[in-house]
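Engineer:
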Amino acid sequence: MRHLVSVAIAAAASVVVVGGAAYYYLRKKIRGSVRSLNVNEKPVRQERHLKLYHSFPFRSSRCAWLVNELHVEDYVEVVNVNIHGAEAKELLEYRDVHPHGTLPALVLEDGKVILESSAICLYLAETFLDSNGNSLLPESEYFADYFNMICYSACTVDAILEPLYMQLTHIPEEKRNQSLVDTNLRKFNICCNVISSLLNDRLYVCGSKFTAADCVLGYNIWWASAIHNGELLKEFPVLVQYLERLKERPAFKECMKRKASETSEATDTNETAQLKESSQ
């Protein structure tokens, strides 16, 4: 306890130095100290107390990937939702969890529900350390890049990839809205330039450290690589190399490994299911 108080005082003193980042720094220092007190003790296996509703390969994959990166499967139960073969009763029951009937959803211990993949990733990264006691939060110098890229990926990039995916994957060429495709290709190329500029001299979003931001952005790059035989990324080698690094991570392999037939089946549209993927 005496150690915690000294940490809190030292962190509070940093307010003058770090200004707007003081809250983040204080929170990180105190939380890290609390969790490190018993670092040499054998972890106690506890029942899972959070529920993540997920279906591969939708955007809930970001969250499931992060759960694996953190090795907190004992604390976060991943509930696989069959969004294509669900009965009407099942869909109604799931709407009690997510009012829009979309994915993902993270149910907390107190019953509160987080509805967006980016918000879920932010929450998980704030709540858990990985199995080695390391945080997947950024160092202070990458604080802005971390939040910016999470929001940029989930808001801007998602909204551009969605029509490209539908048009180039599910719509026959003769029936495509070429104007819509061209407009979003131009937008996507701008996104790729923005992201390439950030990653040009870095391994990950936040320098050499893998963070939750890489689960959010990395999913976008993986998604883009699955559209139109990877044509969307052919002019962006920095992004291709970034994706290759991500693919080497054990947690990525665990969450994103699927046979092509599984991916195709999971991504087919189903008008009667009435349970669609979340837009963010």
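Quick note, in this note's numbering, the sequence shown goes up one by one and the last residue is 301. Here a beta-carbon is modelled for each residue, glycine too, at the ideal position from N, C-alpha and C.
Counting along the chain, where does the alpha helix (DSSP H) carrying Val88 start and finish?
Structural biologist: From DSSP, the alpha helix (DSSP H) with Val88 extends over Ser81 to Leu91.
Engineer: From this set, Asn89, Asn221 and Lys196, which residue's C-alpha is nearest Thr232's C-alpha?
Structural biologist: Distance from the Cα of Thr232 is smallest, within the candidate group Asn89, Asn221 and Lys196, for Asn89.
Engineer: Rounded to a whole number of angstroms, what is the C-alpha to C-alpha distance between Val134 and Ile211?
Structural biologist: 34 Å
Engineer: Considering only residues of the same chain and omitting the five flanking positions on each side of Leu157, which have a CB-CB separation below 6 Å?
Structural biologist: Spatial neighbours of Leu157 in its own chain (CB-CB distance under 6 Å, excluding positions within 5 residues in sequence) are listed in chain order as Ala146, Thr232 and Ala233.
Engineer: Pull up the DSSP beta-bridge partners for Phe247, would you.
Structural biologist: The sequence given here places Ala at residue 247; Phe does not occur at that position. According to DSSP, Ala247 bridges with nothing at all.
Engineer: Out of curiosity, what's the CA-to-CA distance linking Trp244 and Asp179?
Structural biologist: 10 Å
Engineer: Just the C-alpha distance for Leu254 and Ser229, rounded to the nearest angstrom, thanks.
Structural biologist: 23 Å
Engineer: Going by Cα to Cα distance, which pick from Val102, Ala140 and Arg207 is closest to Cys236?
Structural biologist: Ala140
Engineer: If we count Cβ pairs, one from each stretch, closer than 8 Å, do we get three or more for the region 260-277 versus the region 193-209?
Structural biologist: Three or more beta-carbon pairs separated by less than 8 Å are not found between the region 260-277 and the region 193-209, which leaves the two stretches without contact.
Engineer: Quick one: what's got a C-beta closer than 6 Å to Lys72's C-beta in the same chain, skipping five residues either side?
Structural biologist: Excluding sequence neighbours, Lys72 sits near Glu98, Val100 and Val128.
Engineer: For the beta strand (DSSP E) that Glu98 lies in, which residues bound it at each end?
Structural biologist: Val97 to Asn101
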